Amino acid sequence: MSKLLYSATMSLDGFIAGPGGDMSWLTPYLGPDPFADDLAGRIGSLLVGRRTYGGDDPHRGTEGEGQAFGGGWSGPQVVLTHHAPAEPVPGVVFAGDLGTAVATAKEAAGGKYVNVLGADVARQCLEAGVLDEILVFVAPVLLGDGVRLFDRPGGAPVHLERLGVTQAPSAAHLWWRVPTPG
Numbered sequence: 063m064s065k066l067l068y069s070a071t072m073s074l075d076g077f078i079a080g081p082g083g084d085m086s087w088l089t090p091y092l093g094p095d096p097f098a099d100d101l102a103g104r105i106g107s108l109l110v111g112r113r114t115y116g117g118d119d120p121h122r123g124t125e126g127e128g129q130a131f132g133g134g135w136s137g138p139q140v141v142l143t144h145h146a147p148a149e150p151v152p153g154v155v156f157a158g159d160l161g162t163a164v165a166t167a168k169e170a171a172g173g174k175y176v177n178v179l180g181a182d183v184a185r186q187c188l189e190a191g192v193l194d195e196i197l198v199f200v201a202p203v204l205l206g207d208g209v210r211l212f213d214r215p216g217g218a219p220v221h222l223e224r225l226g227v228t229q230a231p232s233a234a235h236l237w238w239r240v241p242t243p244g
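Per our numbering, residue 63 is the first one in the sequence shown, and the count goes up by one each step.
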């Protein structure tokens, strides 16, 4: 059965995007990473928030612009949104509610990971009890402001179980399991 994995590159001070969703800060940290390359082969589908889907691209100006992970992955994408485009987008399903989006992404993943992209959709998955794992690539930079990895004002603590810690030239990898609610 497919698991939901929230993965993101985060600054050391906890931001996955700069102010206004700016992703240009990430460009210097997109170098070769065998760990990330291996992970891409274990992803069966993406569950993407609308702002992430239509947002800034850290691969802007490269041949990977507009492609998932700069062209390092291809496959089905499910976008959680209340405002689907009028015209269909090949390889992309637009879902209006979290339950439908998760079910569609899991089916499309074919037993591989559903990679969750976007802080708000990840928060919704966590609060709904459907998020299984969190993988954070910690980049050696302090952004000072922007979009947090998780923003849950007033939220209760969630105690995670460590699955692994590794290091690459451009980031440390922290992998956690989200305990089953209850």
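Every residue gets a Cβ at the ideal spot worked out from N, C-alpha and C, and that includes glycine.
Just so you know, these numbers come straight off a predicted model, no measurement behind them.
Exercise for the section: Give the secondary structure of V151 by DSSP, where H, G and I count as helix, E and B as strand, and everything else as coil. Expected result: strand
Practice task
Tell me, please, whether the stretch 75-94 touches the stretch 203-217 by the rule of three or more beta-carbon pairs shorter than 8 Å.
Solution key: yes
Problem - Whole-angstrom distance between Q186 and M151, CA atom to CA atom - result: Inspection of the sequence shows that residue 151 is occupied by Val rather than by Met. Near 24 Å, if we compare the C-alpha coordinates of Q186 and V151.
Practice task
Could you check which residue in D95, G153 and P147 has the C-alpha nearest to that of G106?
Solution key: G153
Handout entry: Complete alpha helix (DSSP H) runs within the stretch 165-227 (minimum length 4 residues, chain order)
Key = 181-190
Exercise for the section: Report the residue from W238, A70 and A233 whose alpha carbon sits nearest the alpha carbon of G93. Expected result: A233
Problem - Of the listed residues T228, E169 and P96, nearest to M63 (C-alpha basis) - result: E169
Practice task
Indicate whether at least one CB of chain D lies closer than 8 Å to the CB of D182.
Solution key: Looking at the structure shown, chain D is missing, and only one protein chain is on hand.
Practice task
Please name the residue in L188, A230, L197 and W237 whose C-alpha comes closest to that of D213.
Solution key: L188
Handout entry: Residue from N177, A163 and D95 with nearest C-alpha to P231
Key = D95
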